[in-house]
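Visitor: So for the sequence shown, UniProt numbering puts the first residue at 1; every next one is plus one. Starting off with a structure, shown below.
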Amino acid sequence: MASGNEQLVAARPNDQLIKLRVVDADLAKVEVDGDHVGWLRVSKETGEVWATALGPDSGRVTAILIALTATTQIDGITVEEAVYAKLPPTFLSLEPRSWCLWILDPMKSGNRESTAIILAPNDNRIAELLVHSDSAHVFPGNENIVRWCGVVREDELLSVGAQVRSANGAAHLVSICTHPSARGAGLAREVCNLLITEAVADEVPMIFLEMFAGNEPGRRVYSALGFSEVGVYRSGRLNMLAS
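If you want it as structure tokens, here you go:
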């Protein structure tokens with residue numbers, strides 16, 4: 001019998017979210033309806049249970065979510081952006097966030113120069129800088145961090161970012177943050193260029209990142225770096241249900 005991940009890939013062979021973010025060890029339950037799929041994932045860090053359902057038909061997505069939650073209480077959901085508003089109130093959150101997935105093929109990354117440097121994983125300046133980010137979710141001490149890179153000027157860390165080790169071997173760029181006083185100077189691009197160069201040297205199969213969909217400065221940076229947007233999603237916690 002096919003594993004949960006194999007079922008998802010067979011149903012949606014070109015879906016990058018499944019390829020990059022889903023492994024069998026994370027799957028608590030899987031539902032498949034043709035090219036519409038869904039799964040439950042239990043966070044190893046928090047114990048939260050999240051349901052994800054993919055596909056453009058809101059009716060089929062709703063049916064998958066109902067099946068996934070028939071015997072399990074969930075903390076949140078993720079669906080494709082275009083589907084979210086058509087879901088029944090049971091699956092709506094008061095504070096949903098739209099986010100997008102971007103990928104870069106290492107074989108097409110080209111040669112890159114950067115003024116960024118590799119930082120010590122216990123560099124105290126990293127956490128101090130990340131307080132200025134409203135989207136950073138990986139911090140020093142995370143066991144999956146491969147490396148931190150940053151731009152330093154006169155001993156001050158002005159921009160930072162990390163590569164996280166994904167279960168499928170891809171390089172996940174996270175916690176990209178520039179100090180408010182230094183934004184607009186291209187420092188995030190410098191950080192990303194070094195992270196990309198190091199990931200390519202590691203021979204990773206893919207490089208990817210996620211960002212809030214409304215982050216226009218980030219969109220310009222990642223487009224210029226060669227990333228392509230491959231999906232837009234909306235996620236929301238269900239402990240704050242919409243009325």
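Just so it is clear, CB atoms sit at the ideal spot from N, CA and C, and this is done for glycine as well. This structure is a prediction, so every number in the text was calculated from the model and none was measured.
(1) To which residues does DSSP link histidine 137 through a beta bridge?
(2) Using only the alpha-carbon positions, how far apart do aspartate 105 and leucine 209 sit?
(3) Confirm, please, whether the CB-CB distance from valine 83 to valine 138 is below 8 Å.
(4) Starting from glutamate 45, trace the alpha helix (DSSP H) in both directions and tell me its first and last residue.
(5) Please say whether phenylalanine 91 and isoleucine 77 have beta carbons closer to each other than 8 Å?
(6) Quick one, which of Asn14, Leu27 and Met1 has its alpha-carbon nearest glutamine 167's?
(7) Quick check: the Cα distance between serine 62 and proline 96, rounded to an integer number of angstroms?
(8) Taking the alpha-carbon positions, what's the alanine 53 to leucine 87 distance?
(9) Three Cβ pairs or more, each shorter than 8 Å: is that satisfied between the region 149 to 162 and the region 9 to 22?
(10) In three-state DSSP terms, what is valine 131?
(11) Output yes or no for whether 8 Å exceeds the beta carbon distance between alanine 67 and glutamate 31.
(12) Could you check whether the region 108 to 116 touches the region 187 to 194, counting it as contact only if at least three pairs of C-beta atoms, one from each stretch, sit closer than 8 Å?
(13) Going by DSSP, what residue range makes up the alpha helix (DSSP H) through alanine 63?
(14) Considering only the alpha carbon of each residue, which of Ala213, Pro205 and Arg153 lies closest to glutamate 190?
Guide: Short version:
(1) Under DSSP, histidine 137 shares a beta bridge with no residue.
(2) 12 Å
(3) no
(4) Here glutamate 45 belongs to no alpha helix (DSSP H), and DSSP marks it neither H nor E.
(5) Between isoleucine 77 and phenylalanine 91, the CB-CB gap stays under 8 Å.
(6) For the record, residue 167 in the displayed sequence is alanine; it is not glutamine. Nearest of Asn14, Leu27 and Met1 to alanine 167, Cα basis: Leu27.
(7) The question names serine, but residue 62 is threonine in the sequence shown. The C-alpha of threonine 62 lies about 17 Å from the C-alpha of proline 96.
(8) 11 Å
(9) Contact fails: fewer than three Cβ-Cβ distances are below 8 Å.
(10) Coil.
(11) yes
(12) Counting Cβ pairs under 8 Å, three or more are found: they touch.
(13) 58 to 68
(14) Arg153
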